[in-house]
Amino acid sequence: MRLRKALAVVLLAAALGGCANSAEVNDKAYVIALGVDKGSNGLLKVTFMFAYPSGGGEEAGGEKIDEKDIVTVEAPSIYSAMRLLDTFKSKRIDTNHTKLVAFSQKLAESRGVFSQLTDLVNTRGFRPSIYVCVTQESPSKLFNSMEPKQDVFIEKFIEHLFSKIADSGTSRAYLYNNYFSAVEEAGSYIIPLVGVTDKENAGGAAAAPYQKPDDFTLNYTADQVPLHGDSVAALCGYAVFVDNKMVGSLGMMEGTVVKMLEKNRQVGQFCVLVPGKNTYANVNLQLTNAPIIRVKTGDAPEISLDISMWGEFTGIGGAFKNSGDYAEFVDYLNGAFSEKILELLEKTRTEYGADIFGFGDKAKINFLRYPEWEAYNWKEKYKNARFSVKVEVDMNDYGELRFSQKN
Amino acid sequence: MSGGKKIGPASTAILFLNLSMAKYLLVLPYFMVSEVGNSAWLVILAKGIAAIGLFLVIAALYKPYVGLGLGQLTRRALTGPVGSVLNVIIAGLMLVRGGVLFRILTEALQTLETDTVTIEYVGLFVLLPVLICAMKGFNANVNASILILPFTVLSVALISLVLIPHYNIDNLMPVLGMGEGKIIEQAFFRLGGTFELIYLLTLSRSMADYGTFKKGGLIGVGAIGFFSFLFTLIYCLSIPYPVSKNFFFPLYQLTRMIKAGSFLQRMEPTVIFVWTGVIICALSTLVISAAELLKNSVDIRQGGGFVPILVMMIFFIGVLPRSELDTYGIYRITVNISHYFYIGVIFLVLICARLRKVERGLTYETA
Amino acid sequence: MKFRDLFFYSPRAEDDFILDEPSAPSDDYVPQMNEGGPELTGNYRKDKAAFDKEMEKDLNGDLKIREFTVRVGGREAKCAAYFFDGLVDKNGVNDFILRPLMMGSRTTEARSYSDIMNVLLVQSEVKETNNLGTLAFDINFGSVILLIEGYGKAISVDAKGWEHRGIESPEVEKVIRGPNDAFSEQLRESTALIRHLVRNKSLISREFAVGTISQTPVSLMYIKNVADPQLVREAERRITSLDIDYLFSSAELEQYMEGSSLITLPQFMATERPDRAARALLLGRAVVLVDGSPFAIVMPTTVFELNESAEDHYLRTPYVNVIRLIRLMAFLCSLLLPGIYVAVVNFHGEILPTDMLISIVAARDKVPFPTIVEIIIMELSLEIIREAGARVPTPSGTTLSIVGALILGQAAVSAGIVSPILIIVVSIAAIGSFATPNYYLGISARILRFGYIFLGAVGGFLGITAGLFVNVVLWTCTYSMGVPMFVPVAPITKGGVPKTLLYPQIWKQDYRDDYVNPLRRKKQQSARGWKNKEN
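Residue numbers (the working numbering), protein chains in the order written: chain B, 72 to 478; chain R, 25 to 391; chain G, 2 to 536.
Here you go:
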């Protein structure tokens, strides 16, 4: 009997010991976004954006936006930054709800972000499915500039902003994909790039000069976006990493090509200057199926891309008079697209000398065993790669395009 | 203990599945991938076929002794202390297996909780149900397994469905992984499922007839082969090769990758919810079979007294600190020996039984 | 069950439901009611004195004795009629017992004593006996006892006629489509309601008197060539072996008969609907009715049947399946929701969407207590309101619900004692327990809920998993008359699982459940004859 009582006491003590682990939801401070910047003396400047509810229960459902709480600490690593934070924040830091990790371009260019990526993937608090981006300015500036107007919560704003590229199939925005490529593709990958325009300059001096509004030439980089509005953080293009260091960036048009290669069905709306006429045609393009990529391995790998798209006119502005014009335009589209893609591929190959689009994945199919693949040394061989691109656009002709034979 | 009603083929298969599922799905893909690279799924397929073949051979040999159980057969085939010692050794190996399962669960749960969870605390919540379930007997265990299994299958199905956007067929290339030599070595020279066989033979005491044994075992081996193949394939498909070597709990990593959307932000806690149940079930079956073996080796009728001791031993094996010889260290040693040891024991016992013409009837059990 | 038995369990003999070949029913065992007691001597004066003493004539105010003379064989014989005021129908006594004896015996000559029974007493149930005990039982059950000088025996004439509730519509198991009568406290009326529905000679109604003092009539009903004889024998054994002084209701009998009393799971199904009882009979179950109780006990039952409502059989297949799913969810909500809420708030904040988490944080920020205290306050006050609601007179009921639900809840939130989200959680759980068709199962969920709240607060999801596991193990080891409560799922029986998951169309339900081991397994075949081309 005494034994049973003792056992009961031990069990109860052990059971109640579990309570020590628990923490009420309102005893925690939730990090919504995390920024990593280059600090002084080789330290990291880590910026935390916390979400905390404003007003409380009564205003539930009201229009009041969450207030932001942005704190920056300098520390050797993300962990130590969190520990430092613990010393002056009254609540426990909880990173389970982190939505975004932003690296500054300065950090990416000088030190690279690989060690941070690894840290984040292997930390319990951060989930591999959070978004990653590189920001041209400091993360704290980025976070401060985020002022959602149409979202009630700041975390919704981030979700929406990034899901625009992520949900539609491009996985480049997710932490784990970048980590995978960082390990697998010998450190060549691309991360979405976010630019911040100063509010005063928005749509002003920093914006690129207004050129012919043809999507094929409109290749803004993130800081050039001619913004005319309050939102000053813009998601535009990609930061290119080679050997885990940022070496350059891809602009908006190049981003579209990335989308195509990433099997994103919705390619986008294009406003195309119809050749020979001074009018525009609006086309909406979709991939009919995933691009067929074939890689022939050898001393100089031959990479062929076969992209077939399906499109519809959303506006033709009186550009076409007859079916001949129409066929001509489709031919033009095919040519222009393949030219653009080839241009981009050649540019990245010569400029960065690295396979940032992950053609290596396709090259593996030529090998039976992993050691053979490793011995082949794709990274070196890619520098001599030859490309051939074939684009086929199939335009849907709706009622407006039924030309009468007389015309 | 395992008194009461005899179980049918479906229950046998489910029990078997539950025991194996815990280990096979939680850590097997990791072990395989680290050995043979991204062709682990091929290995599992081959291993499954080999295991079915092995099972059929042993089932045919074991036919006259269904209803007797390995523990008693050992005692009678190898008379006296030899049989007892063998039984105790097998029971010990079962406990090691239990300890490892417990350890795996603890670590899986530690990845779940944001703050550190003490192992005693997990031990209480896992081993107390194990104790109660094992005390309640074999039928209770079968029933609990039946009720948990659908959730397990559902969670695997859910994960594989949700992960479809992450599948990348390129991750399976190069198709032979680290080479065909490794595949053949893993698939046919390190036989899979030998432990499960021992376990099935031990439990055959509660099976009605040879038909149940064969059908249940076959469904069990087939199903676990299928599930582990499926799961390893999903793992290989979703995570590219050099990275996949780094994750100890494939299941956990895969669920972490899921962005479940707006209703549930994270899936891990709910999935682990199910898997904890599976491991509790597996542990209690292990405890019951170990108690059965011990009971047979010392000739007593009630095996219930062993249960608390066995549960405590599982706990102590599970909490060995990571110093010189930790839980996984012991497990690795036993795994290396036991592949051949188990097969050896089974064949030795079966041959001796045939030679000595052991009869099926019960002797001291009914006394 | 001892505490020790929770851990050291071995199935008892009666719990083992052996599925063997059906055998013929045992020899008809008719238990004798109230045998013994002194015999009548034949001497009128002595017998009358003895019967007066037996019935405590001086103490019992409601015992009426009417003494008169009756003319038999040409001479006057003294006669005494005993009855309890209120138990008999007075008009019947006057018109059909006293009038024929006092007046009729004079106009219609009664040549011998046997003519009294054969000619004079125009009653359906008349018997003669000389056992005082039997007489005492009969008089207590609404008979008039006649002692006639020189007759040698007493005559017991049935004249039941006490005031009682008539057949009304069911209180608990209301349905929209389907019959709307319910059992009443009258055993005879209840058995008649069942017999009216079954209309077959195979329906057997075994009668027992339970309770050495109360002698409560208990009726065990089954269908002879459907119900498993072993089930009948076991039910009979459990009823006849009861050594108790009194029994008033089927709820008591249920507790005397059930296998494990400490498990929260009810092991029998109680119904107040004759159609439900008749259906159970036709499916091979046994039904026990107790006089004075408007509820029949159906045995054996399973948890899946406990989750069935009376209306399920009257609804079309798609409706039933959806409703059953909702009901299951309601039960699980009632059982687990508060526990899961505590676990999530204390341990697993990460599974909530961020927006929802932020609103929970906002709501909880002002609350001074930890969640566990908060939820226990709410649950306790809810239980108090519920308990009070059962006691208050109907006119005050509305006031109670307004005070309880509106004012208290609103005030608790504004006072910052509880958070609004918690009130939602507690209310859903409470409503869920009402959506559970079986009253006992609902109470069971209410009690276990506290356990899950504790486990959730102590161990998060891990604690709840551990609790659920133990719960499942204990529940699956519970038997209802030897049938495991989770059959046909755990243990699996042939073809049972799909039927449990999805209720099939009525014309596809060809077989009776095999776990009740019916003598007739097939219920129907190709029920819809008009679908066959030949017809």
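The C-beta atom is built at its ideal place from N, Cα and C for all residues, glycine as well. On a predicted model such as this, the values are computed, not experimentally measured, just so you know.
For residue j and residue i, the rounded distance between their alpha carbons
| i | j | result |
| --- | --- | --- |
| V329 of chain B | Y250 of chain B | 18 angstroms |
| V341 of chain R | L117 of chain R | Sequence check: residue 341 of chain R is Ile here, not Val. About 11 angstroms. |
| P266 of chain R | L66 of chain R | 17 angstroms |
| T206 of chain B | V172 of chain B | 10 angstroms |
| T109 of chain G | L147 of chain G | 19 angstroms |
| A446 of chain B | T368 of chain B | 13 angstroms |
| K283 of chain B | A352 of chain B | Since pLDDT at K283 of chain B reaches only 48, below the 50 mark, its modelled position is unreliable, and the value read off the structure follows with that caveat. Cα to Cα, the separation comes out at about 14 angstroms. |
| L178 of chain B | F458 of chain B | 33 angstroms |
| P394 of chain G | D116 of chain G | 57 angstroms |
| L336 of chain G | A377 of chain R | 52 angstroms |
| K454 of chain B | I364 of chain B | 18 angstroms |
| S313 of chain R | E209 of chain R | 31 angstroms |
| K206 of chain R | E59 of chain R | 8 angstroms |
| P442 of chain B | N360 of chain R | 26 angstroms |
Residue i and residue j closer than 8 angstroms at C-beta
| i | j | result |
| --- | --- | --- |
| Y355 of chain R | S262 of chain R | no |
| A155 of chain G | N119 of chain G | no |
| P519 of chain G | D229 of chain G | yes |
| L49 of chain R | S308 of chain R | no |
| P332 of chain R | L155 of chain R | yes |
| D514 of chain G | P489 of chain G | yes |
| L1 of chain R | I248 of chain R | The shown model of chain R, from 25 to 391, leaves out residue 1 of chain R, and the question about it has no answer. |
| V291 of chain G | S250 of chain G | yes |
| I122 of chain G | V158 of chain G | Before going further, note that residue 122 of chain G is Leu rather than Ile in the sequence given. Cβ atoms of L122 of chain G and V158 of chain G: closer than 8 angstroms. |
| I240 of chain G | L263 of chain G | no |
| A537 of chain G | R286 of chain G | The structure shown has nothing for residue 537 of chain G, since chain G only spans 2 to 536. |
| I376 of chain G | V414 of chain G | no |
For residue i, three-class secondary structure by DSSP
| i | result |
| --- | --- |
| W163 of chain G | coil |
| A491 of chain G | coil |
| L318 of chain B | As written in the sequence, residue 318 of chain B is Val, which differs from the Leu given in the question. Here V318 of chain B sits in strand by DSSP. |
| A467 of chain G | helix |
| V322 of chain R | helix |
| L92 of chain R | coil |
| A528 of chain G | coil |
| I537 of chain G | Since the displayed chain G opens at 2 and closes at 536, residue 537 of chain G lies outside it and no answer follows. |
| G382 of chain B | strand |
| C80 of chain G | strand |
| Q187 of chain G | coil |
| G122 of chain R | helix |
| R378 of chain R | helix |
| T206 of chain B | strand |
| I333 of chain R | helix |
Sequence-distant residues of its chain with Cβ nearer than 8 angstroms to residue i (five each side left out)
| i | result |
| --- | --- |
| K534 of chain G | none |
| D314 of chain B | G183, A257, G258, S259 and A425 |
| I352 of chain G | V345 |
Contacts around residue i, its chain only, beta-carbon distance under 6 angstroms, and the 5 residues preceding and following it disregarded
| i | result |
| --- | --- |
| R72 of chain G | S106 and R107 |
| V318 of chain B | V311 and Y423 |
Close-in-space but distant-in-sequence residues of the same chain around residue i (CB under 7 angstroms, 5 per side omitted)
| i | result |
| --- | --- |
| A281 of chain G | V288 and V299 |
| L248 of chain G | V211, G212, S215, T217, L254 and V291 |
With contact counted as at least three CB pairs below 8 angstroms, one residue from each stretch, are the segment 32-51 of chain R and the segment 487-500 of chain G in contact?
Yes, since at least three Cβ pairs between the segment 32-51 of chain R and the segment 487-500 of chain G fall closer than 8 angstroms, the two stretches touch.
Could you tell me whether the segment 459-477 of chain G touches the segment 363-370 of chain G, where touching means 3 or more Cβ pairs closer than 8 angstroms?
When Cβ pairs closer than 8 angstroms are counted between the two stretches, the segment 459-477 of chain G is seen not to touch the segment 363-370 of chain G, the count staying below three.
Determine, using beta-carbon pairs with one atom in the segment 149-167 of chain B and one in the segment 111-123 of chain B, whether at least three such pairs fall under 8 angstroms.
yes
Could you tell me whether the segment 168-185 of chain G touches the segment 77-89 of chain G, using the rule of 3 or more Cβ pairs below 8 angstroms?
no
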